[in-house]
Structures are given as C-alpha cells and as structure tokens.
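Number of protein chains: 2
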Amino acid sequence: MKLSDLGEFGLIARIAGHAGAAGARVLRGIGDDCAVLDSGVPGGVLLLTTDLLTEGVHFERRTSPARLLGRKALAVNLSDIAAMGGTPAFFTVTLCAPPDTPVDWVDGFYAGLLDRARSSGAALVGGDTSASRGPITVSLALLGECPSGEVLYRSGARPGDGIYLTGWPGESAAGLALLQMEGGEPPDDDLAHLRTRHLDPEPRILAGRRLAEGKLATALIDVSDGLAADLGRLAEASGVGARLEGDRVPLSPALRKGAAAAGRDPLELALTGGEDYELLFTASGDAGEEALSDVLGLPVRLIGRVTAPGTPLAIIDPAGNPLDLSRPGHDHFLAAPPGPELPLAARGFSSQPRKLPMFFP
Amino acid sequence: MKLSDLGEFGLIARIAGHAGAAGARVLRGIGDDCAVLDSGVPGGVLLLTTDLLTEGVHFERRTSPARLLGRKALAVNLSDIAAMGGTPAFFTVTLCAPPDTPVDWVDGFYAGLLDRARSSGAALVGGDTSASRGPITVSLALLGECPSGEVLYRSGARPGDGIYLTGWPGESAAGLALLQMEGGEPPDDDLAHLRTRHLDPEPRILAGRRLAEGKLATALIDVSDGLAADLGRLAEASGVGARLEGDRVPLSPALRKGAAAAGRDPLELALTGGEDYELLFTASGDAGEEALSDVLGLPVRLIGRVTAPGTPLAIIDPAGNPLDLSRPGHDHFLAAPPGPELPLAARGFSSQPRKLPMFFP
Chain A
62 MKLSDLGEFG LIARIAGHAG AAGARVLRGI GDDCAVLDSG VPGGVLLLTT
112 DLLTEGVHFE RRTSPARLLG RKALAVNLSD IAAMGGTPAF FTVTLCAPPD
162 TPVDWVDGFY AGLLDRARSS GAALVGGDTS ASRGPITVSL ALLGECPSGE
212 VLYRSGARPG DGIYLTGWPG ESAAGLALLQ MEGGEPPDDD LAHLRTRHLD
262 PEPRILAGRR LAEGKLATAL IDVSDGLAAD LGRLAEASGV GARLEGDRVP
312 LSPALRKGAA AAGRDPLELA LTGGEDYELL FTASGDAGEE ALSDVLGLPV
362 RLIGRVTAPG TPLAIIDPAG NPLDLSRPGH DHFLAAPPGP ELPLAARGFS
412 SQPRKLPMFF P
Chain B
62 MKLSDLGEFG LIARIAGHAG AAGARVLRGI GDDCAVLDSG VPGGVLLLTT
112 DLLTEGVHFE RRTSPARLLG RKALAVNLSD IAAMGGTPAF FTVTLCAPPD
162 TPVDWVDGFY AGLLDRARSS GAALVGGDTS ASRGPITVSL ALLGECPSGE
212 VLYRSGARPG DGIYLTGWPG ESAAGLALLQ MEGGEPPDDD LAHLRTRHLD
262 PEPRILAGRR LAEGKLATAL IDVSDGLAAD LGRLAEASGV GARLEGDRVP
312 LSPALRKGAA AAGRDPLELA LTGGEDYELL FTASGDAGEE ALSDVLGLPV
362 RLIGRVTAPG TPLAIIDPAG NPLDLSRPGH DHFLAAPPGP ELPLAARGFS
412 SQPRKLPMFF P
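From first to last, the protein sequence lines are chains A and B. For the first sequence, our numbering begins at 62 and goes up steadily by one. For the second sequence, our numbering begins at 62 and goes up steadily by one.
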C-alpha cells in the first residue's frame with residue numbers, strides 16, 4: 062500500500078493511532094489547530110503548531126514572489142495560534158533548497174518572513190538549513206501563549222449555537238484560480254485583490270484574541286481547507302451536527318467577478334476553497350453579527366446553526382435543498398499525483414481531524 | 062549569486078543578519094544548540110530546537126531503515142536539548158513524501174520516532190503532512206525545559222579550562238563510510254557497531270542534565286558537525302582559543318578497524334567526522350576524567366585545554382606539530398552539488414555560529 066492509497070486523512074489517523082495517549086501535561090495533542098501544553102506558567106498554557114510549504118504543492122516560484130511566500134509561511138502558522146485565541150511568541154524555520162537557488166530568492170523569503178514576524182510580535186529564534194535534491198521546502202514551528210481559561214477549542218460547540226464567519230470566504234481560491242490561468246499583469250483592482258488574498262493572507266490574530274478574552278465563542282477553527290470541510294471538523298470535534306445556510310454565506314463582489322473570470326461558481330469557491338484563513342466560530346444564541354463585527358474589527362456573518370448530536374452537517378442551498386459538494390476539502394495524497402502542478406492545498410495535522418468527517422447525509 | 066556560492070555558513074550569517082536583535086524574552090536566539098526562551102515559568106526557561114532530514118542529503122532509503130531514521134530524526138533534536146543541559150518535553154514533526162511512498166515506510170518511521178520519544182520522555186503533540194514532488198523530507202521541532210540557572214551555553218569557556226569529550230568520536234563517520242562502500246551483511250560486530258552509531262545515534266540527555274545540575278561544565282556543545290568544527294564553535298562563542306591534543310583523542314578499536322576497512326585515517330575521522338552526538342564541554346581545572354565519567358555514566362576524556370582570547374584553535378598531532386585538516390566540517394551548500402549521492406551532513410542553524418570559525422592559525 063502506498064500513501065496515495067491511504068490519503069492524507071488516513072495517514073493522520075494512522076499517526077494519531079501510533080502516537081497513542083499523550084502525558085498529563087499535553088492538554089490537547091493531535092486534533093486541533095494547535096497543541097495545548099501545560100508549561101508550568103501560572104495561569105497560562107503554551108500553544109504549539111507547525112506547518113510546511115513545499116514547492117509544486119503549496120506554491121510555484123512562477124506565481125509566488127519569495128517575499129510573499131515568506132509572509133505566508135508565517136501567516137499560516139499564525140492563523141493556527143489565532144484559531145485557539147492565543148498570542149504568537151517564538152518560531153523556528155527549516156529551509157531545504159537546491160544549491161542553485163538564487164540568493165535573492167532566499168533573501169526575499171526571509172525578508173517577508175521577518176516582516177510578518179515584526180507585525181505579529183513573533184520572534185525568529187532558530188532554524189536549520191540544508192541543500193535539497195528536490196523542491197524548496199520550508200517548515201515552521203510556532204509557539205504561542207494563552208491564559209489557561211481562555212483557550213478556544215474546536216470541541217465546544219453546543220446545539221443551538223450560531224455559526225459565525227469572519228470576512229469573505231472563497232477569495233483565496235478565486236485568486237489561485239486566476240493565478241493558474243493568467244500570465245500577464247492584473248487587469249483590475251478586484252482581481253488583484255483576490256490574488257493578494259491567496260498570496261498574502263492575513264491571519265486573524267487580534268480577532269481570535271478578542272473572542273478568547275471576551276469569552277465570546279464556544280468553539281473556534283480557522284478556515285484553511287475550505288468552509289465546509291472545516292465546519293465539518295468543528296462539528297465532529299464537538300460531537301454535534303451543523304446546518305449551514307448557503308444563502309447566508311457572504312460572497313464579495315470581487316469573488317463574484319473573479320469566479321466569473323475563472324468560469325467557477327462563487328458559492329462553490331466560498332464553500333470548498335481553501336486558504337481563506339478566516340475564523341469560523343460558534344457562539345450562544347444572543348450574539349449579534351453587528352456586535353461581534355464591532356468587537357473583532359472584521360465583518361462577521363451568522364451563516365448557520367449548530368444542530369443536535371447525531372445529525373449530519375447539512376449545507377442548504379438558497380432554494381432550501383441540501384447541497385452536494387463533490388469536493389468538500391483537500392487531501393494531499395489522494396488529490397496529488399506527482400507533477401509540476403499539484404493542487405495547492407492547506408495544511409496542518411495538528412489542524413486535522415482523526416478521520417475525514419462525513420459532510421453530507 | 063546562488064546558494065552554492067554563499068555556502069551554508071554564509072547563508073546562516075545572512076539569516077542572522079536579517080533577523081537582527083530579538084526581544085527581551087529571547088535569552089539566546091540563533092547561535093547555540095537551542096534557543097533559550099523566557100516563558101514565564103518561575104525559575105525555568107524553555108529550550109527550542111529544530112532539525113530537518115532530507116533524503117539524498119541526510120539519508121538514503123537504501124541504507125537507512127525507516128524505523129532507525131525515525132529514531133534518528135528525534136535523536137538529533139534530543140542531542141541539541143542535551144547540549145544545553147535540558148530535559149526534552151514536547152515535539153512536532155512535518156513529513157513531506159511522494160505519493161508513491163510505501164505506507165510500510167511511513168509506519169516504520171513513526172514507530173521509530175515514537176519508540177525514541179517514549180525512552181526520552183518527549184511527547185509527540187502535532188505535525189503536518191504533505192505530498193512532495195521530490196525526496197522525503199522530515200522536520201522536527203522540539204521543546205525542552207531547564208532550570209534558569211543551569212543552562213549550559215557554548216559561550217562560557219574560560220582560559221585554562223579543560224576540554225572534555227564523552228564517548229568515542231569518529232565512529233559515526235566510519236559507519237557511514239562502510240555503509241557507502243558495502244552492499245552485503247555486516248561482516249562482524251565491530252563494523253556493525255559502527256553502522257549502528259551512524260544510523261541510530263544515542264543522544265546524551267542524562268549526561269547533559271548531570272553536567273547542568275551539578276554545575277560541572279563552563280560551556281557545552283554536542284558534536285554534530287565534527288569534533289574540530291564544533292570545538293571551533295565553542296571557542297568562538299566563548300571568545301577564547303583552544304588547544305586540542307590529537308594523541309588524547311580516544312580512538313576506539315572498532316573505529317580503527319572500520320577506518321582500515323574504509324581506507325581512512327582514524328584520527329581524521331575522529332576529528333572531522335560528523336554525527337557523533339557526543340558531548341564536548343569545558344570544565345575548570347580540577348575536574349578529573351574518572352570523576353566526570355562516574356557522574357555522567359559515560360567514558361569522559363580530557364582532550365585539550367582552553368587558551369587565551371585571541372589565540373587560534375590549534376590541533377596538535379602526536380608528534381607535537383599543528384595538524385592541518387583540509388575539511389574541518391560540513392557545509393551543505395558548498396559541499397553538495399545536486400545529485401543522488403549528496404554527502405551526509407550535520408544540521409542546525411540554532412546549532413551554528415554566525416560565521417565560520419577559523420580553525421587553524
């Protein structure tokens with residue numbers, strides 16, 4: 062049997078099975094956006110996450126400028142800290158690159174990484190470098206912190222809670238579709254915005270922190286693998302069902318324009334497109350969109366409701382019928398034959414469930 | 062300019078230059094075996110290290126069984142914690158592998174990793190997986206802990222201190238040379254021992270901890286890139302010189318036999334061979350070999366003495382003349398043209414100096 066037969070989620074389940082029970086100081090191991098660790102800090106916990114980016118899977122040098130890739134490599138890790146309600150602190154980076162890699166590329170990568178580090182308050186404290194026989198591969202590990210009583214897990218959603226989303230889903234996937242089609246300069250501001258959303262995503266650190274310190278959410282996850290897939294994970298971790306109203310999913314004018322240019326359906330991009338790095342959370346019934354938007358400093362939309370344990374995740378189309386999505390999320394190994402244009406994909410087995418959740422009835 | 066023009070040490074200096082000054086909570090960033098972080102634990106610090114292994118550079122599937130590679134991937138990180146006097150606690154692992162990788166290989170890798178984790182007290186708490194267009198690449202990040210007053214840096218050596226080494230240097234390099242020459246079964250126990258030293262090194266965690274808690278050393282480093290290179294790093298970090306007596310370097314009978322079989326000089330292997338993962342430390346004048354061996358539970362040899370600031374690192378041959386080593390350590394990028402048989406090499410820019418130390422007068 063090969064990895065391509067097992068698939069990414071099968072592999073993760075296998076690793077989690079091998080790993081077995083962690084010690085008493087591991088408050089949460091594999092199965093959330095970060096590990097949550099008892100570090101001995103009075104009243105505080107450590108958060109630890111790791112994510113890798115490899116050329117040909119997560120990026121192409123042709124379409125990803127080195128500086129933006131550096132920013133993104135840290136941003137995707139910062140998003141995992143945000144998804145626990147934490148504050149980023151320290152990170153390391155390993156870089157594997159062919160000997161003929163231009164030094165300018167490496168300079169650009171680190172400049173972007175450190176630029177993102179400065180704006181987020183995370184400090185680069187170490188790393189490792191090696192020649193590679195293959196593509197450029199970078200791997201980061203990021204430590205964050207959170208007051209013990211404020212950590213937001215995927216597992217706290219309760220029936221009746223509202224399901225909320227920050228920002229505009231699908232824009233990153235639309236940007237990627239445009240990058241893969243085009244050769245030339247950005248034809249207008251909307252389409253350039255979509256590409257930026259893909260190449261230089263903004264982790265929602267402050268919003269995550271505000272949800273945590275205000276105790277405003279019952280469960281929280283970042284949208285890295287697609288809204289439907291990540292809602293499925295949150296529901297599975299919480300042991301509940303969920304009903305997502307397709308007509309409440311916000312579709313930005315830029316997304317509509319980009320989807321049209323790429324010949325894609327904007328709702329499908331919003332539901333299945335990965336790498337938005339928006340926050341998806343649940344909150345008890347009385348939290349309002351406007352009040353939440355004010356506190357988080359981001360547009361927040363109520364897009365559905367948590368349903369009883371045992372009910373499946375249902376996505377309802379504007380006519381009131383269950384939607385069937387043929388491709389609810391990314392799987393690196395199943396979806397990724399080796400070749401120069403492997404699909405972009407999201408990341409994180411600390412951000413992955415133990416098995417692929419069942420999305421549809 | 063390409064990475065191959067800059068070299069690994071040039072690259073690391075460049076990264077450290079980009080990174081600039083770290084915050085007040087970073088007690089040691091780039092430039093020691095681990096970063097040392099103020100985590101808010103009363104009386105304690107966090108240690109953080111990261112190391113990668115990539116196929117074709119650090120291992121070949123032909124000669125490295127998956128289970129031993131898993132053990133080694135953690136061992137090399139554990140060795141960095143040992144080299145600060147710390148205790149390992151939590152780790153993450155990222156795995157990049159081609160879709161056609163056998164699941165048996167992956168199972169073996171994680172089995173070895175977790176086997177080593179259990180025996181060291183470190184818990185696997187998360188990770189990431191991805192398909193790869195190229196070779197198998199694994200990257201680990203390991204968190205450890207140490208009482209604040211006990212951390213052993215590279216930088217504490219003082220003129221007159223003795224230079225001490227645990228165990229038998231060069232055995233790993235001899236084992237590698239044998240692995241690269243041979244196809245068949247191990248012809249005898251000595252040569253099998255050398256191969257095991259290369260494929261399944263033993264991190265000196267307990268010895269490091271005992272040096273730290275007993276305040277027995279003034280400076281400490283692990284021997285990952287070769288005895289001469291790593292002594293150069295320790296001396297440079299401490300701002301001192303060092304005199305290493307070649308005739309005091311312990312050459313094991315197995316090393317002598319392996320060097321003969323591989324047509325290599327045993328002293329050269331002991332001085333320049335990487336991946337021993339022994340501890341190299343300095344201690345004030347009255348520490349004896351026998352007493353130290355008893356406390357550390359390992360053979361300890363006095364191999365030289367720290368000399369005044371401004372004096373170079375000198376390696377003296379048995380006849381009393383300075384030795385000139387043509388290849389004092391590994392450099393991934395300079396030494397590594399792309400191809401199926403890149404040289405094995407050691408790792409760690411948290412375990413690297415800011416610039417290549419000058420080894421010889």
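Heads up, the beta-carbon is just placed ideally off N, CA and C, and yes, glycines get one too.
Can you tell me whether DSSP reads residue i as helix, strand or coil?
| i | result |
| --- | --- |
| A/Asp326 | coil |
| A/Asp291 | helix |
| A/Asp385 | coil |
| A/Leu363 | strand |
| A/Asp286 | coil |
| A/Leu312 | coil |
| B/Tyr214 | coil |
| A/Ile197 | coil |
| B/Thr155 | strand |
| B/Glu165 | At residue 165 of chain B the sequence reads Asp, which differs from the Glu that was named. Reduced to three states, the DSSP call for B/Asp165 is helix. |
| B/Gly423 | What is shown of chain B runs 62 to 422, which leaves residue 423 of chain B out entirely. |
| A/Thr372 | coil |
Counting only the same chain and skipping the five closest in sequence on each side, list residues whose C-beta sits under 6 Å from that of residue i.
| i | result |
| --- | --- |
| A/Val356 | Arg271 |
| B/Asp261 | Leu129 and Arg132 |
| B/Ser140 | Pro264, Asp283 and Tyr338 |
| A/Leu198 | The amino acid at residue 198 of chain A is misidentified as Leu; the sequence shows Thr. Cβ within range, chain order: Thr115 and Cys157. |
| B/Lys318 | Asp251 |
| B/Tyr370 | In the sequence under discussion, the amino acid at residue 370 of chain B is Pro, which differs from the Tyr named in the question. Result list for B/Pro370: Gly300 and Val301, in chain order. |
Give me the chain A residues within the contact set of residue i, using Cβ-Cβ distance strictly less than 9 Å, ordered along the chain.
| i | result |
| --- | --- |
| B/Val167 | Leu64, Leu67, Leu72, Arg75 and Ile76 |
| B/Val367 | Within 9 Å Cβ-Cβ: nothing; B/Val367 doesn't reach chain A, min ~26 Å. |
| B/Thr439 | Any property of residue 439 of chain B remains undetermined from this structure, which presents chain B solely from 62 to 422. |
Can you list, in chain order, the residues of its chain with a C-beta nearer than 7 Å to that of residue i? Leave out the 5 residues immediately preceding and following it.
| i | result |
| --- | --- |
| B/Trp229 | Pro311, Ser313 and Leu316 |
| B/Pro208 | Gly104 and Gly105 |
| B/Ser216 | Ala280, Ala298 and Ser299 |
| A/Arg256 | Gly236, Leu239, Leu240 and Pro247 |
| A/Glu306 | Ile364, Gly365 and Ile377 |
Nearer than 7 Å: is that true of the beta carbon of residue i relative to any heavy atom of the ligand ADP?
| i | result |
| --- | --- |
| B/Arg366 | Among the components of this structure there are no ligands whatsoever, and the ligand ADP is therefore not found. |
From residue i to residue j, what does the alpha carbon distance come to, in whole angstroms?
| i | j | result |
| --- | --- | --- |
| A/Asp94 | B/Thr333 | 43 Å |
| B/Arg86 | B/Val97 | 9 Å |
| A/Tyr214 | A/Leu295 | 9 Å |
| B/Glu116 | A/Ala303 | 43 Å |
| B/Thr381 | B/Arg366 | Per the sequence shown, residue 381 of chain B should be read as Gly rather than Thr. Spanning the two alpha carbons is a distance of roughly 15 Å. |
| B/Pro327 | B/Glu211 | 35 Å |
| B/Gly221 | B/Ala253 | 39 Å |
| A/Met242 | A/Ala331 | 19 Å |
| B/Glu336 | A/Gly173 | 33 Å |
| A/Leu64 | A/Ser200 | 20 Å |
| A/Met145 | B/Ala348 | 49 Å |
| B/Phe342 | B/Ile364 | 10 Å |
| B/Met62 | B/Ser354 | 48 Å |
Using a 10 Å radius around the Cβ and a threshold of 16 neighbouring Cβ atoms, would you call residue i buried or exposed?
| i | result |
| --- | --- |
| B/Asn138 | buried |
| A/Pro379 | exposed |
| B/Gly92 | buried |
| B/Ser233 | buried |
| A/Ala134 | buried |
| A/Asp286 | buried |
| B/Gly291 | Rather than Gly, the amino acid found at residue 291 of chain B in this sequence is Asp. Buried is the call here. |
| A/Arg123 | exposed |
| B/Ala192 | buried |
| A/Glu69 | buried |
| B/Lys189 | This sequence places Asp at residue 189 of chain B; Lys is not what is there. Classification of B/Asp189: buried, given that the 10 Å Cβ count is 16 or more. |
| A/Glu351 | exposed |
So which residues of chain A does residue i contact, with C-beta pairs closer than 7 Å?
| i | result |
| --- | --- |
| B/Tyr171 | Ile76 and His79 |
Name the chain B residues whose beta carbon is nearer than 7 Å to that of residue i?
| i | result |
| --- | --- |
| A/Cys157 | Leu113, Thr115 and Thr198 |
| A/Ala296 | Those do not exist, as A/Ala296 stays about 21 Å from chain B at its closest Cβ, beyond 7 Å. |
| A/Thr110 | Gly187 |
| A/Gly84 | Ala184 |
| A/Ala202 | Thr111, Thr153 and Ala202 |
Determine the chain B residues that contact residue i at a beta-carbon separation under 9 Å, and present them in chain order.
| i | result |
| --- | --- |
| A/Ile91 | Leu185, Val186, Gly187 and Gly188 |
Residues in its own chain within less than 8 Å of residue i by CB, not counting five upstream and five downstream?
| i | result |
| --- | --- |
| A/Ala136 | Arg177, Asp261, Pro262, Glu263, Pro264 and Tyr338 |
Find the residues of chain B that neighbour residue i, judging by a C-beta separation of less than 8 Å, and give them in chain order.
| i | result |
| --- | --- |
| A/Val87 | Phe151, Ala184 and Val186 |
Show which residues of chain A have a CB atom less than 8 Å away from the CB atom of residue i.
| i | result |
| --- | --- |
| B/Thr124 | The contacting residues do not exist; B/Thr124 stays about 15 Å from chain A at best. |
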